[in-house]
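Residue numbers (UniProt numbering): 1 to 278.
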């Protein structure tokens, strides 16, 4: 299984914390993660969860030094200073440079990259639909669903008419051709056609979703394959892997379910309205 540097660092830290040891020696675990994750690891895990443990943290991210108990400065392989952050006794120039480094690292560090997940947007569903096939294919699938819902409503409508006629014998005499045999034949034919259309609609929709997912995956893979070096410099391998795992999982599971849950009720409501107007 291929993991990024940040993922390896988080797994190693989690394994160490899980052991419930008394002393932890952490060799710069914050360097392989971004600023947001580093803050979560330091404040949520190292400072809070391990507050009763002895933690020796080696790090170059000096913005966290003000939250530790003691700061050890190494000079030529030896400990030159051992004090709290606010009591560090250094040369004036070194202290000024040290403070400036803290300010620069706090304010000029790379900001967290904001990602647009596209959830709830029309463009996300539009891209998915047109990746699955042509507009003609989409129209045919919609036609299958419309016919399925229409026959389902027609079956319920005929059943309601037959029940009402059964309760009124004088009306039943006028509709002499609606005897039990004819009624059962019509309902049986409608039921068979309805079952065939229903399974055809499901099969077509599943095939459409598989085609859309494969097309989106191939497009993403092609873009990554021919991406420039600068792209991988600006985007970590963890984020790239996330596109092929989490995002493709959303394409395979979430979007098809959402489309099916939204499409069928709307058609059913529309046909019921049409039946009420008749």
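Beta carbons: idealized from backbone N, C-alpha and C, even for Gly.
Helix, strand or coil at residue i [DSSP, three-state]
i, result
"residue 52", "coil"
"residue 126", "helix"
"residue 3", "coil"
"residue 65", "helix"
"residue 16", "helix"
"residue 44", "helix"
"residue 32", "coil"
"residue 132", "helix"
"residue 59", "coil"
Residue(s) in a DSSP beta bridge with residue i
i, result
"residue 23", "54"
"residue 82", "72"
Any non-hydrogen atom of the ligand MG closer than 8 Å to residue i Cβ
i, result
"residue 205", "Judged by which ligands are present, the structure shown has none, so any question about the ligand MG falls away."
Cβ separation of residue i and residue j, assumed to be a contact under 8 Å, to the nearest whole Å
i, j, result
"residue 56", "residue 24", "7 Å"
"residue 151", "residue 190", "6 Å"
"residue 58", "residue 34", "Contact flag wrong, Cβ pair sits at about 19 Å."
"residue 209", "residue 132", "7 Å"
"residue 4", "residue 225", "Not a contact, Cβ separation roughly 18 Å."
Of the listed residues the options, nearest to residue i (C-alpha basis)
i, options, result
"residue 244", "214, 257, 258, 234", "214"
"residue 22", "258, 53, 228, 46", "53"
"residue 60", "127, 31, 193, 246", "31"
"residue 8", "199, 192, 238, 258", "238"
"residue 219", "46, 77, 130", "130"
Output the residue ranges of the alpha helix (DSSP H) runs that lie fully inside the UniProt domain "ABC transmembrane type-1" (139-260) and measure 4 residues or longer, sorted by chain position. 169-174, 180-225, 229-234, 237-242
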